[in-house]
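For the sequence shown, this note's numbering gives the first residue as 182, with consecutive numbering after it. To start, the structure itself, in structure tokens.
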Amino acid sequence: MSFIIPDGDSKAEYVRQKFSGIAGRYDLFNDLITQGMHRYWKRFLVAKTGIQPGGKALDICCGTGDITSLLEKKAGREGVVTGLDFSNGMLAVAAQRNAANNVSFIRGDASVLPFASESLDTVTVGYGLRNLVSIDTCLGEVYRVLKKGGRFLSLDMGKVKLPVARQLFAFYFFRIVPRIGKLIYPGENMFDYFPESSVEFPSQEKLAGMMERQGFIDVRFYNFYLGCVAIHCGEK
Ligand SMILES: C[S@@+](CC[C@H](N)C(=O)[O-])C[C@H]1O[C@@H](n2cnc3c(N)ncnc32)[C@H](O)[C@@H]1O
182 MSFIIPDGDS KAEYVRQKFS GIAGRYDLFN DLITQGMHRY WKRFLVAKTG
232 IQPGGKALDI CCGTGDITSL LEKKAGREGV VTGLDFSNGM LAVAAQRNAA
282 NNVSFIRGDA SVLPFASESL DTVTVGYGLR NLVSIDTCLG EVYRVLKKGG
332 RFLSLDMGKV KLPVARQLFA FYFFRIVPRI GKLIYPGENM FDYFPESSVE
382 FPSQEKLAGM MERQGFIDVR FYNFYLGCVA IHCGEK
């Protein structure tokens, strides 16, 4: 039987607890299932933010803080870079990894951003939107906190259009990925949640439309691996 994703608040609580539980080896899992490619996609995403030295950046659903630390490299010592997540386990790993960096991490909900309106140059999210109860609410918040001209970047799973590739990808994601996860954390059902959470996630075109409805302009997306993975970009 396939995995049933909990609804509403139960989904948020499930996601929060489960990510805390796998935080210690989350990066290893990501390296294994993407053959290290997530590192390249994250560098691509950060390059597209256009963040300059001294810039103000927020990485929501920051997890272990790898995108956060790439942002810090661009914003430098004069910059203000924050990672936000609601999982204590993930935040602990992120803080440890970034101990020597000029970043701060805060516990918070990506749907209620604790930042003043028009205060940030860029907001990023890696594999985060898929886990939210309401993507629209989060996009509205991101739009609010960005300065005019500020950019929002999201990296997440995409929909593959080519039929054969779609089947191959579904086999990999639904059959192989959970097995890899369970090798690292035996018995953990979180790894069945991963593929299921991508089923209802909007297509590249639909997510672009959702961003435009919040007011983002110049919205575009970049497909990788025939659209298995996509990076969306929009400007306020
Ligand atoms: C798949 S991980 C992504 C981590 C990292 N951004 C990356 O690209 O690898 C998703 C993260 O989103 C966080 N998250 C999910 N829903 C959230 C919410 N509503 N508010 C804040 N963080 C959330 C989880 O705790 C988890 O750390």
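Cβ atoms here follow ideal geometry from the backbone N, Cα and C, with glycine treated the same way.
{"Item": "Whole-angstrom distance between Y366 and V227, CA atom to CA atom", "Value": "30 Å"}
{"Item": "Exposed unless 16 or more other CB atoms sit within 10 angstroms - verdict on A138", "Value": "Given a span of 182 to 417 for the chain in the structure shown, any question on residue 138 remains unanswerable."}
{"Item": "In DSSP terms, what H413 is bridged to", "Value": "S335 and F402"}
{"Item": "beta-carbon A291 near ligand 1 non-hydrogen atom, thresh 6 Å", "Value": "yes"}
{"Item": "M338 to K387 span [Cα, whole Å]", "Value": "13 Å"}
{"Item": "Distance, A291 Cα to S300 Cα", "Value": "16 Å"}
{"Item": "Where S285 falls: helix, strand or coil (DSSP)", "Value": "strand"}
{"Item": "Own chain partners of M182 with C-beta closer than 7 Å, once the 5 adjacent residues on each side are dropped", "Value": "Note on M182: pLDDT 48, under 50, position unreliable in the model; the coordinate value appears next. Contacts found: none."}
{"Item": "Contact test: N312 Cβ vs ligand 1 heavy atom, cutoff 6 Å", "Value": "yes"}
{"Item": "Run of the beta strand (DSSP E) containing L239, from where it starts to where it stops", "Value": "K237 to I241"}
{"Item": "Neighbourhood of N404 by C-beta distance below 8 Å, restricted to the same chain and skipping five residues each side", "Value": "G339, Q385, V410 and A411"}
{"Item": "Cβ-Cβ distance between R258 and N283 below 7 Å", "Value": "yes"}
{"Item": "Closer than 6 Å: F372 CB and nearest ligand 1 heavy atom", "Value": "no"}
{"Item": "Contacts around L239, its chain only, beta-carbon distance under 6 Å, and the 5 residues preceding and following it disregarded", "Value": "T263, L301 and V304"}
{"Item": "Ligand 1 heavy atom lying under 6 Å from the CB of G270", "Value": "no"}
{"Item": "First through last residue of the beta strand (DSSP E) which encompasses V304", "Value": "L301 to G307"}
{"Item": "Simplified DSSP assignment, three categories, for M182", "Value": "Per-residue confidence for M182 stands at a pLDDT of 48, beneath the threshold of 50, marking its modelled position as unreliable; the derived number appears in the next sentence. If DSSP states are grouped into helix, strand and coil, M182 belongs with coil."}
{"Item": "K199 (DSSP reduced to helix, strand or coil)", "Value": "helix"}
{"Item": "Closest Cα partner of M271 within the set D208, K223, E322 and I357", "Value": "D208"}
{"Item": "Rounded separation between E322 and L349 - CA only", "Value": "36 Å"}
{"Item": "T263 (DSSP reduced to helix, strand or coil)", "Value": "strand"}
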